[in-house]
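Line by line, the protein sequences are chains A and B. Residue 40 in this note's numbering is what sits at position 40 of the first sequence, and the numbering runs on without skipping anything. Residue 1314 in this note's numbering is what sits at position 314 of the second sequence, and the numbering runs on without skipping anything. Beta carbons are placed, not taken as given, at the ideal position from N, Cα and C, and that holds for glycine. What follows is a set of notes on a single structure, which appears directly below.
Protein chains: 2
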Amino acid sequence: MEHPPSPFAPARFPALPPVRGVRLSSCEAGVRYAGRLDLMLTEFTPGTVVGGVMTKSVTAGAPVEWNRAAISNGKARALVVNAGNANVFTGKRGRDAVEKTAHTVAEALCCDKNDVFVCSTGTIGEYLQEGRITDRIEGLTSKLSGSAWEEAAKAIMTTDTYPKGAVRTAEIDGVTVTLVGIAKGSGMIAPDMATMLAYVMTDAVLSVEVTQSLIASGADKSFNAITVDGDTSTSDTLLMFATGKAGHSRANSIGEERIEGFRRALDGLLIDLAHQVVKDGEGAQKFIEIQVLGAESDDAARCIGLSVGNSPLVKTAIAGEDANWGRIVMAVGKAGEKADRDKLAIAIGGTQITENGEPIPGYDEGPVTAHMRGRDITMTVDVGIGTGQATIWTCDLTHGYIDINADYRT
Amino acid sequence: MEHPPSPFAPARFPALPPVRGVRLSSCEAGVRYAGRLDLMLTEFTPGTVVGGVMTKSVTAGAPVEWNRAAISNGKARALVVNAGNANVFTGKRGRDAVEKTAHTVAEALCCDKNDVFVCSTGTIGEYLQEGRITDRIEGLTSKLSGSAWEEAAKAIMTTDTYPKGAVRTAEIDGVTVTLVGIAKGSGMIAPDMATMLAYVMTDAVLSVEVTQSLIASGADKSFNAITVDGDTSTSDTLLMFATGKAGHSRANSIGEERIEGFRRALDGLLIDLAHQVVKDGEGAQKFIEIQVLGAESDDAARCIGLSVGNSPLVKTAIAGEDANWGRIVMAVGKAGEKADRDKLAIAIGGTQITENGEPIPGYDEGPVTAHMRGRDITMTVDVGIGTGQATIWTCDLTHGYIDINADYRT
């Protein structure tokens, strides 16, 4: 936990406004860490609806199981998150710990325990001492406030080197609605310190179906388009809570024109948070954008982009500031999607390097080499098959990643 | 290329006997490297049959395209391999280079150019100056010998830190047949120094169909069960040449009982070579065997094993000698195959750590920690679904991998 901060760490946490119907508080519960915030509670006003997406891992943890069941009701009154222990692979004791936590929160807030969302992030396979959490709920309840975003963003961190938050506004029926998001994750998965967690709170008035649809489609363009190491967490969770306090008439259908601005704001917020996660990727020194064009479909483009973005050889080359585009050719080749080798066109930093399956005669490596020395690396890969496209974001693979992960738990 | 040798490097290259009908020679052609062997030629007696498997990459190189066509005839008279340039992503010039090389070899050995196999390994996307190869063919032809295995194994190396060879014998109809194999590869793929290449030469008398069937099934149990970094080469090639000089009657069917000993010998030879490749994996300090049991099918077991074996988090934990089995849980969860979390049983170094989806109460980490300090790491993962099983071999992910790959080309 004493690894140097990411070079992308912002000078300060962004100013995040209150969201009507949302109050938060955080504390030091000592779940695993000492001397830092590691527990946060959020209360949502009655009537708040929720949508979300969670890890597809078949070894998902007890909290994910709980939330999968809770989300089916579409209602939310609270969210409680601890860092330091993921409560994964902990059997019945783990399930009991989630249930006790939800029960304690429900008692404190006078709500149904099935409306309480519980998330845990940290080591896998160690029993969670839920007493450290439940003992703090009363204290957390007593100091709930609409502005405690930075503390909440800090309380959910594991190997993150900076807290992550973002805000957007949009108009629905002429009413300004606010979207605030916080996230944690130092990789698509951090070490066994499993996980990406992200929460969006908005006062927009949305039906459950609209909430679920918007967050699912937004996830595909943001968190599902980033990778640090290709390892998928047992706890990945993205939830959006809509309190309905903005006062416009309820949006009941995803097709309504009046929520297009909200959708764009949400997508932008999610991409912002996703970029913050990648930029805090373990050991990251470079932020990499991979644009794939000309694929058979958008899904195929995404698969090819992830093949490039997950390739240890591509990522180490970028760490070495080496414009080694042959490794991109390799990663396209192994993706398992259609690509026309003899039309493959690769550009780095806006400089076209290959065309029609060959290096461009007289291609000048100078500008590309200069681009590789920067923090932000862009590449475009046209695979010459169709019109499918996707953008993937990742970071480089450095000695820092090995340092962090070869001795995390010890 | 000045990286330290693998700790698994053998004290000396094994003594490999001649194989009737096979003669080799190697030289310094200066394709890319100076002052080392980088070109080898093998001549096969007329009547030699060939089978093999090649990379499935859609960006495969010109030599792979050539060999895919050549192998359809089932006949082989020569194999020529250069190191230093993979002749991949080189367009028509690349295809012409292969054709000229095959033509020159065919002229020198008085054979059909379509019976000449051509392999290249090295950087991607640079034009191969085939003159450096064709100029040397006459010299190579003049010094062909039945015993020049070590030179041949050295000539095909790229980032390998030691040459790789192995021998087996078997009996068919009471006749002793010999199988000799050489391989290169410092990873399932080495850097952009693409590739795993392996060649088996035998004097057994086999039909083309039997040769192809044996090598394909052997590949699944050996080279297709190893991984260094999950990156698939544009040039991976495994070929078996059977000269038919042993004198027993031809094996025409894969079902013949009398070739079972040969099959076992071949499988053992391929696993031996595959292990040598993993043990020379870039930066490898540990050799890891992952046994997966209880999967839905053998294919599912292999997929789960590769998910574990390719996980950067599992591999860095092992590099750090950390028995961080939570990362194995994670890798099983993300594999995309069925697994019963609540039956998942993990053992490391023979010590059972989890049962029924939980750590075993009172599990003693001592013996496991001691095991993690060794060179050879074993783990067994029972996913609790069915009877499918597979064994995967890999190496750890260390600072050495970053060193080698972050600055390879420059």
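With 16 other Cβ atoms within 10 Å as the buried cut-off, status of residue i
i       : result
B:G1333 : buried
B:T1387 : exposed
A:R327  : buried
A:K184  : buried
B:A1060 : buried
A:N73   : exposed
A:E260  : exposed
B:R1373 : exposed
A:T354  : buried
A:D342  : exposed
B:R980  : No answer is possible for residue 980 of chain B: the residues shown for chain B start at 1001 and end at 1410.
A:P367  : exposed
B:A1034 : exposed
A:A390  : buried
A:K56   : exposed
A:S145  : exposed
B:P1312 : buried
A:D112  : exposed
B:E1126 : buried
A:A83   : buried
B:C1110 : exposed
Proximity test, Cβ basis, 9 Å: residue i and chain B
i      : result
A:W334 : According to the sequence shown, residue 334 of chain A is Lys rather than Trp. Chain B, which has a Cβ nearer than 9 Å to the Cβ of A:K334, makes this yes.
A:P359 : yes
A:P312 : yes
A:G305 : no
A:W149 : no
A:S186 : no
A:P18  : no
A:M330 : yes
A:V58  : yes
A:D192 : Residue placement at A:D192 cannot be trusted, given a pLDDT of 44 that sits under 50; what the coordinates show is reported in the next sentence. For A:D192, the answer is yes, since a Cβ of chain B falls inside 9 Å of its Cβ.
A:A317 : yes
A:S224 : Before going on, a small fix: residue 224 of chain A reads as Asn here, not Ser. No, A:N224 lies away from the interface with chain B (no Cβ there is under 9 Å from its Cβ).
A:D364 : no
A:D342 : yes
A:F287 : no
A:T159 : no
CB contact below 9 Å: residue i versus chain A
i       : result
B:L1397 : yes
B:Y1199 : no
B:E1126 : yes
B:Y1401 : yes
B:K1338 : yes
B:G1218 : no
B:W1393 : no
B:I1325 : Reading the sequence as shown, one finds Trp at residue 1325 of chain B and not Ile. B:W1325 counts as touching chain A.
B:A1406 : yes
C-beta atoms of residue i and residue j nearer than 9 Å
i       : j       : result
B:T1234 : B:F1089 : yes
B:K1143 : B:S1297 : no
A:G244  : A:V205  : yes
B:I1156 : B:V1058 : no
A:I182  : A:A216  : no
A:K221  : A:L270  : yes
B:S1249 : B:E1209 : no
A:A198  : A:L140  : no
A:D115  : A:A108  : no
B:G1320 : A:N87   : no
A:A274  : A:F241  : no
Inter-residue CB distance, residue i and residue j (contact presumed, cutoff 8 Å)
i       : j       : result
A:I377  : A:G309  : With 8 Å as the limit, A:I377 and A:G309 do not qualify as a contact, their Cβ atoms being about 11 Å apart.
B:A1062 : B:R1095 : 5 Å
B:L1016 : B:T1042 : The pair is not a contact, with the Cβ atoms about 13 Å apart (cut-off 8 Å).
B:N1085 : B:V1031 : 5 Å
B:K1100 : B:T1045 : The Cβ separation is near 25 Å, so there is no contact.
A:L306  : A:D382  : Contact doesn't hold; Cβ gap of about 17 Å is too wide.
B:R1302 : B:A1225 : 7 Å
B:G1051 : B:Q1212 : 3 Å
- Message: Which runs of the beta strand (DSSP E) at least 3 residues long sit entirely within the segment 1190-1245 of chain B? Give them in chain order.
- Response: 1197-1202 and 1237-1242
- Query: What are the complete alpha helix (DSSP H) segments, minimum 4 residues, inside the segment 145-195 of chain A?
  - Reply: Here the runs fully enclosed are 149-155.
- Message: My parser needs the beta strand (DSSP E) runs of 3 or more residues fully inside the segment 32-99 of chain A; what are they?
- Response: Complete beta strand (DSSP E) runs here, min 3: 39-44, 49-54 and 78-85.
- Item | Contained alpha helix (DSSP H) runs [length at least 4] in the segment 313-377 of chain A, N- to C-terminal order | With a minimum length of 4 residues, the unbroken runs of alpha helix (DSSP H) contained wholly in the segment 313-377 of chain A fall at 326-333 and 365-372.
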